[in-house]
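One structure below.
In the working numbering, the protein residues as written are 3 to 173.
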(Lines of atoms letter the chains of each structure in order from A and count residues from 1; the text may use other names and numbers.)
(Lines give C-alpha, C1' and ligand atoms only; values in the text may rest on other atoms or scores of the structure.)
Protein backbone atom coordinates (compact mmCIF):
# COMPACT_ATOMS: atom_id res chain seq x y z
CA UNK A 1 0.00 0.00 0.00
CA UNK A 2 1.49 3.26 -1.11
CA UNK A 3 1.51 6.38 1.05
CA UNK A 4 0.15 8.82 -1.48
CA UNK A 5 -2.71 11.18 -0.82
CA UNK A 6 -6.06 9.42 -0.90
CA UNK A 7 -4.63 5.89 -0.86
CA UNK A 8 -5.06 3.37 1.91
CA UNK A 9 -2.03 3.61 4.15
CA UNK A 10 -2.69 0.93 6.73
CA UNK A 11 -5.39 -1.30 8.06
CA UNK A 12 -6.52 -0.14 11.48
CA UNK A 13 -5.94 -3.02 13.89
CA UNK A 14 -9.29 -2.46 15.61
CA UNK A 15 -11.51 -3.83 12.86
CA UNK A 16 -11.25 -5.41 9.41
CA UNK A 17 -13.71 -2.77 8.16
CA UNK A 18 -11.75 0.30 9.24
CA UNK A 19 -9.04 1.81 7.09
CA UNK A 20 -6.82 4.82 7.65
CA UNK A 21 -6.59 7.33 4.83
CA UNK A 22 -4.30 10.32 4.45
CA UNK A 23 -6.46 13.38 3.94
CA UNK A 24 -5.99 17.03 3.20
CA UNK A 25 -7.32 18.21 6.56
CA UNK A 26 -5.60 21.37 7.78
CA UNK A 27 -3.90 19.60 10.67
CA UNK A 28 -2.58 16.97 8.28
CA UNK A 29 -3.91 14.17 10.43
CA UNK A 30 -5.47 10.85 9.48
CA UNK A 31 -9.14 9.97 9.70
CA UNK A 32 -10.70 6.55 9.67
CA UNK A 33 -13.13 5.55 6.98
CA UNK A 34 -15.09 2.39 6.45
CA UNK A 35 -14.75 -0.42 3.96
CA UNK A 36 -17.78 -0.39 1.71
CA UNK A 37 -18.44 -3.10 -0.87
CA UNK A 38 -20.64 -1.88 -3.74
CA UNK A 39 -23.89 -3.15 -2.23
CA UNK A 40 -23.11 -1.50 1.12
CA UNK A 41 -22.25 1.77 -0.63
CA UNK A 42 -25.60 1.64 -2.43
CA UNK A 43 -27.35 0.95 0.88
CA UNK A 44 -25.67 3.99 2.44
CA UNK A 45 -26.70 6.11 -0.57
CA UNK A 46 -30.32 4.93 -0.24
CA UNK A 47 -30.38 5.77 3.46
CA UNK A 48 -28.86 9.21 2.89
CA UNK A 49 -31.53 9.94 0.29
CA UNK A 50 -34.38 8.60 2.41
CA UNK A 51 -33.30 10.56 5.49
CA UNK A 52 -32.28 13.88 3.94
CA UNK A 53 -33.13 14.27 0.25
CA UNK A 54 -35.18 17.39 1.02
CA UNK A 55 -32.03 19.02 2.42
CA UNK A 56 -30.14 18.87 -0.90
CA UNK A 57 -26.70 17.41 -1.54
CA UNK A 58 -25.04 18.99 1.49
CA UNK A 59 -27.87 17.86 3.73
CA UNK A 60 -27.47 14.32 2.45
CA UNK A 61 -23.70 14.49 3.02
CA UNK A 62 -24.25 15.71 6.58
CA UNK A 63 -26.69 12.89 7.34
CA UNK A 64 -24.23 10.50 5.73
CA UNK A 65 -21.43 11.78 7.99
CA UNK A 66 -23.50 10.69 10.98
CA UNK A 67 -24.08 7.28 9.40
CA UNK A 68 -20.40 6.68 8.63
CA UNK A 69 -19.41 7.96 12.08
CA UNK A 70 -21.66 5.34 13.67
CA UNK A 71 -19.81 2.54 11.89
CA UNK A 72 -16.36 3.44 13.17
CA UNK A 73 -17.16 5.13 16.49
CA UNK A 74 -17.46 1.91 18.56
CA UNK A 75 -18.81 3.77 21.58
CA UNK A 76 -22.05 4.62 23.36
CA UNK A 77 -25.03 3.24 21.39
CA UNK A 78 -22.78 2.08 18.56
CA UNK A 79 -20.53 -0.50 20.19
CA UNK A 80 -19.94 -3.39 17.81
CA UNK A 81 -21.59 -1.64 14.84
CA UNK A 82 -18.84 -2.34 12.29
CA UNK A 83 -20.56 -2.43 8.88
CA UNK A 84 -23.01 -0.31 6.92
CA UNK A 85 -25.80 -2.95 7.09
CA UNK A 86 -25.37 -3.22 10.89
CA UNK A 87 -25.65 0.57 11.16
CA UNK A 88 -28.64 0.80 8.83
CA UNK A 89 -30.67 -1.91 10.57
CA UNK A 90 -29.54 -1.27 14.15
CA UNK A 91 -32.37 -1.87 16.58
CA UNK A 92 -33.05 -0.06 18.77
CA UNK A 93 -31.43 3.19 17.73
CA UNK A 94 -31.48 2.84 13.95
CA UNK A 95 -33.06 5.00 11.29
CA UNK A 96 -36.78 5.44 10.73
CA UNK A 97 -36.35 5.54 6.95
CA UNK A 98 -35.82 1.76 6.77
CA UNK A 99 -39.46 1.35 7.78
CA UNK A 100 -40.64 3.15 4.65
CA UNK A 101 -40.75 1.92 1.06
CA UNK A 102 -38.79 4.96 -0.17
CA UNK A 103 -35.60 3.52 1.36
CA UNK A 104 -35.96 0.35 -0.72
CA UNK A 105 -35.87 2.11 -4.09
CA UNK A 106 -32.82 1.60 -6.31
CA UNK A 107 -29.83 3.78 -5.42
CA UNK A 108 -29.25 6.65 -7.83
CA UNK A 109 -25.75 7.09 -9.27
CA UNK A 110 -25.52 10.67 -7.97
CA UNK A 111 -26.31 9.47 -4.45
CA UNK A 112 -23.75 6.66 -4.67
CA UNK A 113 -21.12 9.27 -5.61
CA UNK A 114 -22.01 11.26 -2.49
CA UNK A 115 -21.80 8.14 -0.31
CA UNK A 116 -18.41 7.27 -1.80
CA UNK A 117 -17.06 10.69 -0.77
CA UNK A 118 -17.96 9.91 2.83
CA UNK A 119 -16.46 6.44 3.01
CA UNK A 120 -13.30 7.92 1.49
CA UNK A 121 -13.00 10.27 4.45
CA UNK A 122 -14.69 13.56 3.60
CA UNK A 123 -16.38 15.25 6.52
CA UNK A 124 -18.69 18.24 6.57
CA UNK A 125 -19.47 20.72 9.34
CA UNK A 126 -21.44 20.60 11.57
CA UNK A 127 -21.68 16.78 11.33
CA UNK A 128 -18.00 15.82 11.12
CA UNK A 129 -18.07 14.31 14.63
CA UNK A 130 -21.81 13.80 15.05
CA UNK A 131 -23.50 10.53 15.89
CA UNK A 132 -27.09 11.80 15.88
CA UNK A 133 -29.35 14.10 13.95
CA UNK A 134 -33.06 14.74 13.94
CA UNK A 135 -35.63 17.15 12.60
CA UNK A 136 -37.41 19.07 15.34
CA UNK A 137 -40.65 20.96 14.80
CA UNK A 138 -39.04 24.16 16.11
CA UNK A 139 -35.65 25.33 17.26
CA UNK A 140 -32.83 22.89 17.97
CA UNK A 141 -32.48 22.08 21.65
CA UNK A 142 -29.11 22.74 23.29
CA UNK A 143 -28.86 19.03 24.13
CA UNK A 144 -30.53 15.85 22.97
CA UNK A 145 -30.41 12.94 25.41
CA UNK A 146 -27.44 14.61 27.09
CA UNK A 147 -25.46 15.16 23.88
CA UNK A 148 -24.56 18.73 22.86
CA UNK A 149 -26.02 20.40 19.79
CA UNK A 150 -23.21 21.28 17.39
CA UNK A 151 -25.26 22.93 14.67
CA UNK A 152 -28.17 22.95 12.32
CA UNK A 153 -28.46 22.61 8.57
CA UNK A 154 -31.85 23.48 7.17
CA UNK A 155 -34.32 21.32 9.13
CA UNK A 156 -31.84 18.92 10.79
CA UNK A 157 -30.07 19.43 14.12
CA UNK A 158 -26.77 17.63 14.73
CA UNK A 159 -25.43 16.31 18.02
CA UNK A 160 -21.93 15.10 18.84
CA UNK A 161 -20.69 13.17 21.85
CA UNK A 162 -18.10 14.70 24.11
CA UNK A 163 -14.52 13.60 23.54
CA UNK A 164 -14.62 11.83 26.92
CA UNK A 165 -17.68 9.82 25.85
CA UNK A 166 -16.43 8.87 22.38
CA UNK A 167 -12.90 9.84 21.41
CA UNK A 168 -13.01 7.54 18.36
CA UNK A 169 -15.31 9.88 16.45
CA UNK A 170 -12.76 12.71 16.79
CA UNK A 171 -9.97 10.95 14.83
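By construction, the Cβ of each residue, glycine as well, lies at the ideal position given by its N, Cα and C atoms.
None of these values were measured; they are calculated from a predicted model.
Looking only at C-alpha atoms, which of the options sits nearest to residue i?
i: residue 133; options: 168, 142 and 102; result: 168
i: residue 61; options: 142, 154, 171 and 109; result: 154
i: residue 38; options: 121, 76, 109 and 164; result: 121
i: residue 136; options: 44, 53 and 90; result: 53
i: residue 128; options: 40, 160 and 55; result: 160
i: residue 145; options: 119, 75, 163 and 80; result: 163
i: residue 130; options: 43, 49, 104 and 72; result: 72
i: residue 49; options: 89, 149 and 75; result: 89
i: residue 171; options: 43, 86, 85 and 125; result: 125
Per DSSP, which one or two residues make a beta bridge with residue i?
i: residue 155; result: 158
i: residue 149; result: 146
i: residue 136; result: 159
Helix, strand or coil for residue i per DSSP?
i: residue 104; result: helix
i: residue 130; result: coil
i: residue 167; result: coil
i: residue 84; result: coil
i: residue 173; result: coil
i: residue 123; result: coil
i: residue 109; result: coil
i: residue 74; result: helix
Quick check on the burial criterion: 16 or more other C-beta atoms within 10 angstroms. Buried or exposed for residue i?
i: residue 98; result: exposed
i: residue 111; result: exposed
i: residue 67; result: buried
i: residue 101; result: exposed
i: residue 51; result: buried
i: residue 166; result: exposed
i: residue 75; result: buried
i: residue 80; result: buried
Would you grab the beta carbon distance between residue i and residue j for me? Rounded to a whole angstrom, and I think it's under 8 Å.
i: residue 184; j: residue 109; result: What the structure shows of the chain is the stretch from 3 to 173, and residue 184 is not part of that stretch, so it cannot be assessed.
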